[in-house]
């Protein structure tokens, strides 16, 4: 039924673990439908077959950490009608943005015998710091359901349902007992954006903040409560410096507790 | 007397109020560069559509979502639903691409009506801003088709630029009527526009109506309505003779979803048309 | 002269003005008429007149070299046009042009300023009225700037 | 529509539906079995994830035997005691709205065929369900949701269907939770109406049994199948003592006098900003609240676009989207979102539905992750007027 030319989709990788791309590959049930609805024109992880741009939709994974990538992302942008960033690396700099709080040269010297051959930027930064981004899909990794929802929404001309409210909304809807209140477990849920389905609290663990800050996050109030629960400043800093360490709200809160 | 007009409308409570009926697009009119009018008829024939001026429908676009849109047609034309919409959001943008013959879901009509009965024997001043003319048009149709029942009738209409003027041809025709005063003004104009420039409230001081005996019906952006009330008040119109149509987020339109609350009022079922006195306490407060 | 006095006294702008002051104002007044399309004032020119519009419509314009004149506001029956004559350096800020055949009473600013200097009560009455017009214009301008219908 | 059941039993008390009866703890199991035999899914309190939640049970063994809860601001803990009590706890994180006004329901499905599409509501018929252990505050909460979803010109068919198929066995509270304030709201701790049967668990001098009151004809029918004896005067006194204990334990209260007017007068009170500095707008309070009824709609499509659905999900006035209209959200600051919630619960709800929107269950206090206490906030706003009026002099 769908009209003649299928939309062309490209997937791009920058500094990342590939986990978000795997989410796309993991869409086993939906993949056939996806393939039916779009042309996967450039997805090295899945196929060596590469079609030339321009592309209708580009999914961009990973953060910008090297001068080369800082150039390359502009090329991607130029070839893409719609650029969607996927995952915490692309939307907030990722776990590798921990380097932003320290000296990257020192790090490199621990790992590489000849760090002088390494060409790297001082900071790991999200894609939106470099080019215009049409839509951001949060998560570490992204949620398969949200990815399918986003692709489906764009194909059907509607707005993707990726609400920016708290993880608590998902916990309460699925009937998960609050781990902070009932177990005294520190949880990032109240300041973290929903989307994962509130997985960790359903396994009696506190939320790790994989989906980054929710809308109007009051991280200060959460940190105050944690302190009252006996969490040290160091513990607070570590909780806010996870996969979304360089997301604005989390960065500021972690800096406020540095000793 | 005026309280009568704002009683809540009961459509067909025994039907599942969450389930739209399908209607077919009969005609598409591109009013301006971002505004369009759809004429809809029930897809399977069936009963006449009846509504009161000022009421709205929930329009459902398959797979995209639902939006509240006021009815802007002639209430005496029972065989067609007319909706004028600005393409500004996801749903309305998709709606703007509908073609003749396409289907659309409709729930309604919902909400309160303009006080066209209470206004009988009075002068009527209709003040519209931008797309706010759409929900007022059925009231104008009603009044003009019962013209002898009313005193002076004035339409004051303000838009952004001349190219934003809705129902332009209709307005030109109405202008030539002797029993109706139509004044249009725009916020900014270039080129060939020879009409008024300035905000719509500028038109109030000189509009020909008797303030002691006038019912005012106002619809537009909230700020425009607040200043319009001030202008009418200055002119001496009684506050309880002023009616406004408000807009809030709506998901259900039948009082279940809670989104449209405005102080103690549900805009969907207590409104959208309110007597000024009902909303006065909250209208000037922030983030209500 | 008698009709001129009646026009001045009946114009909404001077509503409530004492007869004595009306007399003083009429001394500075004259009847004017502009055809549709006729220029009334130009920005940058000396401003020595203001107008009580009796009938017609005038566009207040500003000229953008690339896109031509932009109408900022229109004034019509019963409105007042121009207040640059009130404040030094008495220079027009905007163009004004009759859109329709416009009849107005022109008031000589220099003449009025002298009379106001001599009679502060007259000055006070006049400024009160202009202050109100300015208040209305600034409120309208703010609303226009907000681009409410966007 | 059998929804008038709630109203008809509203006079239910000790005497109006026959004399109270008593049965032993063992007979509770008979009640559960009988209900299940009659096709009811019996839903009652169970221990899950270190809290007492509501879930389907098959016998009284599934109940939280011996468990008691300790609640305070942002804190909930369970402990197990040797005594084999069945209902010696108060309300937990979940409310019955989970089963009546469900967190997520599909309200519509649409199939597309070319340019045509057809919609249907595709609601599966509701199964019979019996709630066991509904507290007085929760009965009031259900009655409030009845007014919202059934009492207007429109009836929510999904709620109506579930509600009509629900039988309610209430349990009177024998203790007050640390965050309870039902007594001051006039909603407890005694279950007075809105139930089919109401139990009071009595433990006196080795004697462990239930006093049963009947609140409806349906309740009477269910009870008829049980070996219950007519209660003695001393049984009734014992039950009264149990409930009186709960009343006396209650540590929190809300002074509702003129509350609406106070809230309407105080839309600009600086206290809202103070709350905003503590509130995370995480929405927990609204979702644990047994009366909060707000929902949002999510539209979904399959990738081919041949099938679309609309889902109704619990929503909260604490989200930005809640008040979104073209151009932006109305309530952008967390302080005004909190104000909206509190003013609705304790003020405008009365204008809308003729009662407060709060039943004093205290869930919003316990389950607020930072422990914001509505009773304290309401008092602060009330007292700020007294300070202005000079009635409260500073301590100096």
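Protein chains in written order, with the working numbering: chain A, 2 to 260; chain B, 293 to 580; chain C, 1226 to 1375; chain D, 40 to 435. Glycine residues also receive a C-beta, built at the ideal position from the N, C-alpha and C atoms.
Same chain only: Cβ atoms within 8 Å of residue 139 of chain D, ignoring 5 sequence neighbours per side:
181, 184, 198, 201, 202, 205
Along the chain, where does the beta strand (DSSP E) containing residue 87 of chain D start, and where does it finish?
80-87
My output table needs one value for residue 461 of chain B: the three-state DSSP class, helix, strand or coil.
helix
Nonlocal neighbours in the same chain, by C-beta distance under 6 Å from residue 282 of chain D, ignoring five residues either side:
211, 228, 229
Helix, strand or coil at residue 406 of chain B according to DSSP, with G and I counted as helix
Reduced to three states, the DSSP call for residue 406 of chain B is coil.
With a CB to CB cut of under 8 Å and the five nearest residues on each side skipped, what residues in its chain are close to residue 379 of chain B?
326, 327, 328, 385, 387, 388
Does residue 46 of chain A come out as helix, strand or coil in the three-state DSSP assignment?
It is coil, neither helix nor strand.
Answer with yes or no whether the minimum CB distance from residue 159 of chain A to chain B is below 9 Å.
yes
Return no unless some Cβ of chain A is closer than 9 Å to the Cβ of residue 380 of chain B.
no
Where the segment 384-415 of chain B meets chain A: residues whose CB sits under 9 Å from a CB there:
So the list reads 385, 386, 389, given in the order they occur along the chain.
Any chain A beta carbon closer than 9 Å to residue 357 of chain D:
yes
Interface flag, residue 167 of chain A vs chain D, CB-CB below 9 Å:
Cβ-Cβ to chain D under 9 Å: yes for residue 167 of chain A.
Listed in chain order, which residues of the segment 509-531 of chain B have Cβ atoms closer than 7 Å to some Cβ of chain C?
513, 515, 516, 519
Chain F contact for residue 222 of chain D (CB, 9 Å cutoff)
This model lacks chain F altogether; the protein chains it does include are A, B, C and D.
Do residue 555 of chain B and residue 580 of chain B come within 9 Å of each other at the CB atom, strictly closer than that value?
yes
Consult DSSP for residue 1372 of chain C and reduce its assignment to one of helix, strand or coil.
coil
If you count every other CB in all the chains shown that lies within 10 Å of the CB of residue 358 of chain B, and 16 or more means buried, which is it?
buried
DSSP three-state label for residue 283 of chain D, please.
helix
Once the 5 residues before and after residue 1325 of chain C are set aside, which same chain residues still bring their CB inside 8 Å of it?
1261, 1281, 1282
Residue 517 of chain B vs residue 407 of chain B beta-carbon contact at 9 Å
No, Cβ-Cβ distance for residue 517 of chain B and residue 407 of chain B is not below 9 Å.
Counting only beta-carbon separations shorter than 9 Å, does residue 356 of chain B have a partner in chain A?
yes
Any beta-carbon of chain D closer than 9 Å to the one on residue 553 of chain B?
yes
State the Cα-Cα distance for the pair residue 295 of chain D and residue 303 of chain D, rounded to the nearest angstrom.
14 Å
Pop quiz: residue 164 of chain A and residue 360 of chain D are said to be a contact at Cβ under 8 Å. What is the actual Cβ separation, rounded to whole angstroms?
7 Å
Indicate, with yes or no, if the ligand GDP has a heavy atom lying under 8 Å from the CB of residue 1245 of chain C.
For the structure depicted, the ligand GDP is absent and the ligand set is empty, with no information on it obtainable.
Give the straight-line distance between the Cα atoms of residue 73 of chain D and residue 159 of chain D, rounded to the nearest whole angstrom.
36 Å
Cβ neighbours of residue 474 of chain B in the same chain (closer than 7 Å, five flanking residues each side left out)
Only 447, 463, 466, 467 meet the Cβ criterion.
In this structure, how does DSSP classify residue 245 of chain A when only helix, strand and coil are distinguished?
coil
Among the residues of its own chain, which have a CB less than 8 Å from the CB of residue 261 of chain A, if the five just before and after it don't count?
Here chain A covers residues 2 to 260 and nothing more, so residue 261 of chain A does not appear.
For a quick check, are the C-beta atoms of residue 226 of chain A and residue 132 of chain D less than 9 Å apart?
No, Cβ-Cβ distance for residue 226 of chain A and residue 132 of chain D is not below 9 Å.
Rounded to whole angstroms, how far is the Cβ of residue 17 of chain A from the Cβ of residue 63 of chain A, which I believe are closer than 8 Å?
3 Å
If you drop the 5 nearest sequence neighbours on each side, which residues of the same chain put their C-beta closer than 8 Å to that of residue 106 of chain A?
116
Residue 372 of chain D versus chain B: which residues are under 8 Å apart at the beta carbon?
579
Quick check: the segment 342-352 of chain D against the segment 390-409 of chain D, are there 3 or more CB pairs under 8 Å?
In short, these stretches do not touch, since the Cβ pair count stays below three.
Which residues bound the alpha helix (DSSP H) around residue 138 of chain D?
Per DSSP, the continuous alpha helix (DSSP H) segment holding residue 138 of chain D begins and ends at 136-139.
Give me the subset of the segment 381-392 of chain D whose CB atoms are less than 9 Å from a CB atom of chain B, sorted by chain position.
Per Cβ criterion, the list reads 382, 383, 386, 387, 388, 389, 390, 391.
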